[in-house]
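This report concerns only the one structure given below.
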DNA sequence: GTAGAAGTTAACGTCGGTGTCAGATTCAAG
DNA sequence: CTTGAATCTGACACCGACGTTAACTTCTAC
């Protein structure tokens, strides 16, 4: 499939897809005229890349990580080096801390929302 | 207290503290010579600001939210407007989605780490 | 009063994934 | 062929919290 269709199916811009290729995250074949030609599996891969970016990983880390992820069809395809394992462990811990902070902030927001609802909303406290 | 001590006690740079003031997030008195003078409660406030930033909120949203948060000593001090409640609700939902993505990515990392550990680590699979 | 630590304002730099525009080329359909 | 949609490369812009430097002023302790 070509870049336009991949963009539509993943919800990722064409600009980003080209960037992913430039960063070595996403391989693409080429037609005679030089247009990119993606295999079906590119869809899953792009989605994974987005998830990892959303988790705050840098493109270089993602590039090292991707070959070690179990493909939708088959096995792990590559084993993480000790160096990579160390880096990924640090990332995982960072993500854990971030999740805790997020839970905290979400509770803060909920409390403000609830307080406002009690003051303005349904219960209509009369006094 | 002055800016240096506040920075030390919160782990936030002086640069950031001045930025917070500029964005209307953190009020400070002034000495005769123009140096900032913070009250004790500034410590808690700075920590909250950091948490909200970590959750991906923008300074303008934090500025609107802060007065509606229950202070460490007393009551809510301000009630969120309907507009603000709507915005905060959107933020809360975004945070929820982000947490789900983070959990997903963390599991991916864990799986790669575990796979590498099984291949290289303690169990030492002999063959 | 004086040296050195600490504080002030102002301005510019950073990072990195992505938006966007320009100009040229390729593809698909009539 | 020709035309219009799609794609290509390359370059510049952006966001936004914060780092960093520069040139000056104020505080503090002796």
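Chains as they are written, first to last, in our numbering: chain A, -3 to 123; chain B, -3 to 123. Yeah, the Cβ is synthetic: ideal placement off N, Cα and C, and Gly gets one too.
Have a look at the DSSP bridge pairing and note the partners of residue i.
i	result
residue 37 (chain A)	DSSP, once it has assigned bridges, lists no residue as partnering residue 37 (chain A).
residue 32 (chain B)	B:26
Is DSSP giving residue i helix, strand or coil here?
i	result
residue 93 (chain B)	helix
residue 20 (chain B)	coil
residue 25 (chain A)	strand
residue 66 (chain B)	coil
residue 12 (chain B)	helix
residue 102 (chain A)	helix
residue 80 (chain B)	helix
residue 48 (chain A)	helix
residue 109 (chain A)	helix
residue 86 (chain B)	helix
residue 60 (chain A)	helix
residue 53 (chain B)	coil
residue 5 (chain B)	helix
residue -1 (chain B)	helix
residue 43 (chain A)	helix
residue 74 (chain A)	coil
residue 123 (chain A)	Note that residue 123 (chain A) scores 48 on pLDDT, short of 50, meaning its location in the model is unreliable and no value can be drawn from it.
residue 114 (chain A)	helix
Figure out for me which residue from the options has the closest Cα to the Cα of residue i.
i	options	result
residue 107 (chain A)	B:102, B:111 and B:61	B:61
residue 88 (chain A)	A:51, A:24 and A:11	A:51
residue 1 (chain B)	B:33, B:110 and B:85	B:33
residue 57 (chain B)	B:31, B:86, B:73 and B:35	B:86
residue 103 (chain A)	B:63, B:101, B:48 and B:109	B:48
residue 30 (chain B)	B:40, B:96 and B:-1	B:-1
residue 54 (chain B)	B:67, B:83 and B:26	B:83
residue 42 (chain A)	A:28, A:27, A:26 and A:67	A:67
residue 80 (chain A)	A:63, A:14, A:94 and A:91	A:63
residue 38 (chain B)	B:100, B:78 and B:8	B:8
residue 101 (chain A)	B:101, B:99, B:100 and B:94	B:94
residue 75 (chain B)	A:116, A:35 and A:36	A:116
I want to check one thing, is the minimum distance from the CB of residue i to the heavy atoms of the ligand SAM below 8 Å?
i	result
residue 48 (chain A)	Looking for the ligand SAM in the displayed structure turns up nothing, as the structure carries no ligands at all.
| message | Beta carbons nearer than 8 Å to chain B: which residues of the region 87 to 101 of chain A have them? | response | 87, 88, 91, 92, 94, 95, 97, 98, 99, 100 and 101
| Quick one, which residues of the region 106 to 118 of chain B are near chain A if we go by CB-CB under 8 Å, in chain order? | Going along the region 106 to 118 of chain B in chain order, one finds 106, 107, 108, 109, 111, 112, 113, 115 and 116 with a Cβ nearer than 8 Å to chain A.
| field | Against chain A: residues of the region 40 to 64 of chain B by CB proximity under 8 Å | value | 44, 47, 48, 50, 51, 53, 61 and 64
| message | Along the region 75 to 87 of chain A, where does the CB come closer than 9 Å to a CB of chain B? Name the residues. | response | 75, 76, 77, 78, 80, 81, 84, 85 and 87
| task | Identify each residue in the region -2 to 25 of chain B for which the Cβ-Cβ distance to at least one residue of chain A is less than 9 Å, and report them in chain order. | result | none
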